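Chains as they are written, first to last, in the working numbering: chain A, 117 to 228; chain B, 2 to 109.
Put into structure tokens, the structure is as follows:
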């Protein structure tokens, strides 16, 4: 148990669907992150939120839309995804941006 | 690229042996962190070494940092089958930049 919970663990969706990934942290952290992990590629940072404000968008396509309603919850809204978006999406949190990150176990996303 | 680059990409050893993984990076850092990822799971933080530190220990883990060479190493001593995982270094330049990792297999 890492203190970071991601749901769902697995998601299969068609390219025209709209779905959301959810992340919740129970650690009292102030920074939250979305990463994409594809086979044979380095972990890619997508978005960073500090104190609920987005501080990093790493040139992510607009079909990925993050939302951080409070410091404990982070969402990733998905629409009109492409097959190359199939990957493991990991959420993480940390007290501050320089400090160790705690990861959830990810959502395995498959786009049909 | 600022990312950490791990070497080797894959390592297979017998239980009880030591495992050494290396990391190189390209820019100035605040600290450098090492993480482990078991198959199908998220990353787990192992150890953080600050830019003004040269060596750090945690249990069977030993991390070194050479900022002049922009390199770090992770040594796992007396390895166990449970150490089988992927290991990532993450230089911290204000954000963590992960490499592709080293896949370690420890055979019983």
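Backbone N, C-alpha and C fix where the C-beta goes; we use that ideal spot for every residue, glycine too.
Values in this document were obtained by computation on a predicted structure and should not be read as measured data.
Since residue 176 (chain A) sits in a beta bridge, which residues does DSSP pair it with?
-> Its beta-bridge partners do not exist; DSSP assigns none.
Contact set between residue 96 (chain B) and chain A, taken where Cβ atoms lie within less than 8 Å = In chain order: 161, 164, 172 and 213.
Is the beta carbon of residue 220 (chain A) sitting closer than 8 Å to the one on residue 118 (chain A)?
-> Yes, these two residues count as a Cβ contact at 8 Å.
Residue environment, residue 105 (chain B), which counts as buried when at least 16 other CB atoms sit within 10 Å = The residue is buried, with at least 16 neighbouring Cβ atoms inside 10 Å.
If the cut is a Cβ gap below 7 Å, which residues of chain A does residue 62 (chain B) touch?
-> Per Cβ cutoff of 7 Å: no residues; residue 62 (chain B) is ~14 Å from chain A at best.
Determine which residues of the stretch 27-42 of chain B have a Cβ less than 9 Å from any Cβ of chain A, and write them out in chain order.
-> Among the residues of the stretch 27-42 of chain B, those with a Cβ less than 9 Å away from any Cβ of chain A are 31, 32, 34, 36, 38, 41 and 42, in the order of the chain.
If you draw a straight line from the alpha carbon of residue 69 (chain B) to that of residue 124 (chain A), how long is it in whole angstroms?
-> Distance between the alpha carbons of residue 69 (chain B) and residue 124 (chain A): 44 Å.
Under 9 Å Cβ-Cβ, which residues of chain A neighbour residue 101 (chain B)?
-> Those within 9 Å of residue 101 (chain B) in chain A are 156, 157, 158 and 159.
Residues near residue 2 (chain B) in its chain [Cβ-Cβ closer than 6 Å; skip 5 each side] | With a pLDDT of only 46 at residue 2 (chain B), under the threshold of 50, the placement of this residue in the model should not be trusted, and no figure is reported.
Opposing strand residues paired with residue 92 (chain B) [DSSP bridges] = Answer is B:33, bridged to residue 92 (chain B).
From the DSSP output, read off the bridge partner residues of residue 163 (chain A).
-> In the DSSP output, where bridge partners are listed per residue, residue 163 (chain A) has A:150 and A:173.
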